[in-house]
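Engineer: Order-wise, the sequence lines are chains V and P. Numbering follows my numbering, with no gaps: position 74 of the first sequence is 75. Numbering follows my numbering, with no gaps: position 217 of the second sequence is 349. My questions all concern the structure below.
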Amino acid sequence: MQHYLARQRYLIDYTVASLLRHRSKNLGLLLVYTLVVFMLASVMLFTHSLRQEAEQLLSAAPEIVLQRLLAGRQELVPASYLEQMGRIRGVSERHGRLWGYYYDPVVRANYTVLVPRDRPLAADEIVVGAGLARSRGLGHGDFLSLRASDGRPVAFRVADTLAADSELISADLILMAEASFRDLFAIPAGYYTDLALSVRNPREVRTVAEKLTLALPDTRPILRSEILRTYATLFSWRQGIVLVLLAGALLAFVIFAWDKASGLSAEERREIGILKAVGWETADVIGMKFWEGALISLGAFLLGYLLAYLHVFYLDAGLFEPVLKGWAVLYPSFHPVPFIDGLQVATLFFFTVFPYTVATIIPIWRAATTDPDAVMR
Amino acid sequence: MIELHEVKKAFNQGRPNEFWAIRGVSLTIERQRVTVFKGPSGSGKTTLLSMIGSLSRPTAGRILLDGRPISGLPERFATQVRRDTFGFVFQQFHLIKGLSVLENVMLPAYPSGRDHRSLKQAAQALLERFDLAARASSRAEWLSGGEAQRAAICRALINQPQVLIADEPTANLDSALAQSFLTIVGELVAEGKTVLLTSHDPAVFGSPQVDRVVEVHAGRLLESG
């Protein structure tokens, strides 16, 4: 074992000395390789982090949201539906929700307006999301004037702004009292935007949803798991767009790396002949070349991943931000929580380190198995 | 003792350009002697030497080292024999460019996994002996012809081989350097090494350090003296 390790150490020593001989060429390769890993890892880390964030935020959302449909479009739900649906086993809580969108021509953005259940607000008070506060320059005690559905302006005082940690979803949010909401959007008493139901056992969610569609045929239940899936798809789609954009660069790198790794120059062939003639085995030559591929690709992988980690979690993924996030006009200022997924690292490792290392070994295997007497001729 | 029994070597066997470089050579080479293979270019002396040194296998016949067959060994064992028994000084010296002289000298010992410190000391001692200590950290391509050959000799001796094989060792040297090489050869034989050379340089096969001259012509031995 000790002999094996000593031998590997010698091979690594030789490989490092060998790489340093063509310093600029190998540094260039390392740089491009690192850049490719950096870009791929940035996209993966960032989208993964977005998904995590969305999952965490939605974990508090109701399991089922029930919407009423009229001619296939969403319609206000009468409060009486809460009674009409009857007692359904497994539903621990149900309530009506009031929410909607408000278009602000000043910043040309849509706000999400919501009536909170756990936060009593006075009729003239609102709580705004951090993104909205930023874009309208609002602070505590400032006034925001909104136009009611009948055209009259209604002034609200900003009682608070929402914490930045949930900004991904709450950037464009306005919270207001129920009475103010009904007044602003002219929603009659006894009607809600939709109904929210909490189901404790996740396995009962689908059964409850089926019962609801039978009891209230003009409604449609939306499950939290479906919303999560939609978000996941959305993020994957965005990730896909970035990856497609990167594909060209990737392809160029693959061609470049393959050419560099798999082509053996006359000098390299001569060197292999010398090494074999002075007593190196085929396995030693292959081992040396393996280390060459492994050192470059592993170095690039570690460096690229580290840079991507810093880019995503400390510089808030500045390069990809506009593409990868933001479904509202007001861009959320999102600080991803550092997170590393083992499987993701393994996937990236497999697709970056493995092919290059293999590409370096295959041609060397052919050269290394030839007779060493070539150097004598 | 090295014995060759009816050794033949063909290149491109079975193809239209088949060529028999060695056509049946039987020979016994004594230990602690300087044996020179002389002959014109293409006579087969280098091919013969590369088979003796386990760099290539004969197409037919057997080669024995101290009674042990070495010509039909699988590649791994042949490499081991080559590494432990033979040291090579090639005609073009074949030092690896970009590496230091010290690294070049240590190179043949890498696969043995020897202790690094003792290996480095052994390499430095050899460089010292051949007056190259000051050039230890120089790159191989910066050496003069004589220095390069001495570095190649150091490299050939790093694994303490019984047999030193040198192919046309004086072809790229002036007469003073050729003489100095022959002096080194004399010293090595005095230490117990066996030296095999190929040459068509009269200064070599006429030298008093040489014990025996074997003449090769068209793949056969003409005479031995």
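Note that the Cβ used here is the ideal one computed from N, Cα and C, for glycine as well. Remember, it's a predicted structure, so these values are computed and weren't measured experimentally.
With Gly305 of chain V and Thr113 of chain V assumed to form a contact (beta carbons below 8 Å), what rounded beta-carbon distance in angstroms separates them?
Structural biologist: The beta carbons of Gly305 of chain V and Thr113 of chain V sit about 38 Å from each other, so the pair does not count as a contact at 8 Å.
Engineer: Would Glu369 of chain P be called buried (16 or more neighbouring beta carbons within 10 Å of its own) or exposed?
Structural biologist: Because chain P here runs from 133 to 357, residue 369 of chain P falls outside it and cannot be looked at.
Engineer: DSSP three-state call for Trp100 of chain V: helix, strand or coil?
Structural biologist: strand
Engineer: Taking the alpha carbon of Leu217 of chain V as the reference point, which residue from V:Thr231, V:Ala80, V:Asp317, V:Ile297 has its own alpha carbon closest?
Structural biologist: Taking the Cα of Leu217 of chain V as reference, the smallest distance to any Cα among V:Thr231, V:Ala80, V:Asp317, V:Ile297 is reached at V:Ala80.
Engineer: Just the Cα atoms here: how many angstroms apart are Leu136 of chain P and Arg287 of chain P?
Structural biologist: For Leu136 of chain P and Arg287 of chain P, the distance between alpha carbons rounds to 27 Å.
Engineer: Classify Leu12 of chain V as helix, strand or coil using the three-state DSSP reduction.
Structural biologist: helix
Engineer: Can you find a CB in chain P that lies within less than 8 Å of the CB of Thr353 of chain V?
Structural biologist: It does not; no Cβ of chain P falls within 8 Å.
Engineer: For a cutoff of 8 Å on Cβ pairs, would you count Asn291 of chain P as touching chain V?
Structural biologist: yes
Engineer: Secondary structure at Val330 of chain V, three-state DSSP: helix, strand or coil?
Structural biologist: Any reading at Val330 of chain V needs caution, since the residue's pLDDT is 47, under 50, leaving its predicted position unreliable; the model's value is listed next. It is coil, neither helix nor strand.
Engineer: Along chain V, which residues have their Cβ under 7 Å away from the Cβ of Thr211 of chain P?
Structural biologist: Gly280, Glu282
Engineer: Could you tell me the distance, in whole angstroms, from the CA atom of Leu12 of chain V to the CA atom of Asp317 of chain V?
Structural biologist: 41 Å
Engineer: Using a 10 Å radius around the Cβ and a threshold of 16 neighbouring Cβ atoms, would you call Leu227 of chain P buried or exposed?
Structural biologist: buried
Engineer: Nearest by alpha-carbon distance to Thr315 of chain P: which of P:Gly174, P:Leu353, P:Ile285, P:Tyr242 is it?
Structural biologist: P:Ile285
Engineer: Which chain P residues sit within Cβ distance under 9 Å of Leu12 of chain V?
Structural biologist: Tyr242, Pro243
Engineer: When you compare each of V:Ala149, V:Phe47, V:Gln9 to Trp281 of chain V by their alpha carbons, which one comes out closest?
Structural biologist: V:Gln9
Engineer: What number of angstroms, rounded off, separates the C-alpha of Pro339 of chain V from the C-alpha of Phe314 of chain V?
Structural biologist: 6 Å
Engineer: Whole-angstrom Cβ separation of Arg349 of chain P and Ser173 of chain P, contact assumed at under 8 Å?
Structural biologist: The question names Arg, but residue 349 of chain P in the sequence shown is His. About 12 Å separates the beta carbons of His349 of chain P and Ser173 of chain P, which is beyond the 8 Å limit, so they are not a contact pair.
Engineer: Quick check: the Cα distance between Leu21 of chain V and Thr162 of chain V, rounded to an integer number of angstroms?
Structural biologist: 57 Å
Engineer: From the DSSP output, which residues share a beta bridge with Leu176 of chain V?
Structural biologist: V:Leu115, V:Val128
Engineer: Taking the runs of the alpha helix (DSSP H) that are 4 residues or longer, which of them lie wholly in the stretch 205-240 of chain P?
Structural biologist: 207-217, 233-238
Engineer: Of all the residues that make up the stretch 186-210 of chain P, which are near chain B by a beta-carbon distance shorter than 7 Å?
Structural biologist: Absent from the structure: chain B. Protein chains present are V and P.
Engineer: Measure how close the beta-carbons of Leu305 of chain P and Gln341 of chain P come, nearest whole angstrom, since I'm counting them as under 8 Å.
Structural biologist: That belief does not hold up - the Cβ atoms of Leu305 of chain P and Gln341 of chain P are roughly 15 Å apart, past 8 Å.
Engineer: Just the chain P side, please: which residues come within less than 7 Å of Tyr15 of chain V by C-beta, in chain order?
Structural biologist: Result: Tyr242.
Engineer: Could you tell me whether any Cβ in chain P is nearer than 8 Å to the Cβ of His4 of chain V?
Structural biologist: yes
Engineer: Counting only beta-carbon atoms, is Arg8 of chain V nearer than 8 Å to chain P?
Structural biologist: So, interface residue.
Engineer: Touch check for the stretch 340-356 of chain V and the stretch 293-313 of chain V: three-plus C-beta pairs under 8 Å?
Structural biologist: yes
Engineer: Taking a contact to mean a Cβ-Cβ separation below 8 Å, would you say Val155 of chain V touches Ala149 of chain V in this structure?
Structural biologist: yes
Engineer: What three-state label does DSSP hand Trp152 of chain P in the structure shown?
Structural biologist: strand
Engineer: Between the C-alpha atoms of Gly274 of chain V and Ala369 of chain V, what's the straight-line distance to the nearest angstrom?
Structural biologist: 8 Å
Engineer: Which one or two residues does DSSP pair with Glu269 of chain V in a beta bridge?
Structural biologist: Its beta-bridge partners do not exist; DSSP assigns none.
Engineer: How many angstroms separate the CA atom of Glu1 of chain V from the CA atom of Gln57 of chain V?
Structural biologist: Look at the range of chain V in this structure, 2 to 378, and you will see that residue 1 of chain V is not part of it.
Engineer: At a Cβ threshold of 8 Å, is Arg313 of chain P touching chain V?
Structural biologist: One point to set straight first is that residue 313 of chain P is Phe, not Arg, in the sequence displayed. Output row for Phe313 of chain P: interface = no.
Engineer: Pull up the distance between the alpha-carbon of Leu67 of chain V and that of Pro117 of chain V, whole angstroms please.
Structural biologist: 17 Å
Engineer: How many Å lie between Leu159 of chain P and Gly146 of chain P at the Cα?
Structural biologist: Here the C-alpha atom of Leu159 of chain P lies approximately 27 Å from the C-alpha atom of Gly146 of chain P.
Engineer: Between Ala18 of chain V and Leu231 of chain P, how many whole angstroms is the CB-CB distance? I'm expecting something under 8 Å.
Structural biologist: 6 Å
Engineer: Which residue's Cα is closest to the Cα of Arg344 of chain P: P:Gln164, P:Ile154, P:Lys141?
Structural biologist: Measuring from the Cα of Arg344 of chain P, the nearest candidate turns out to be P:Gln164.
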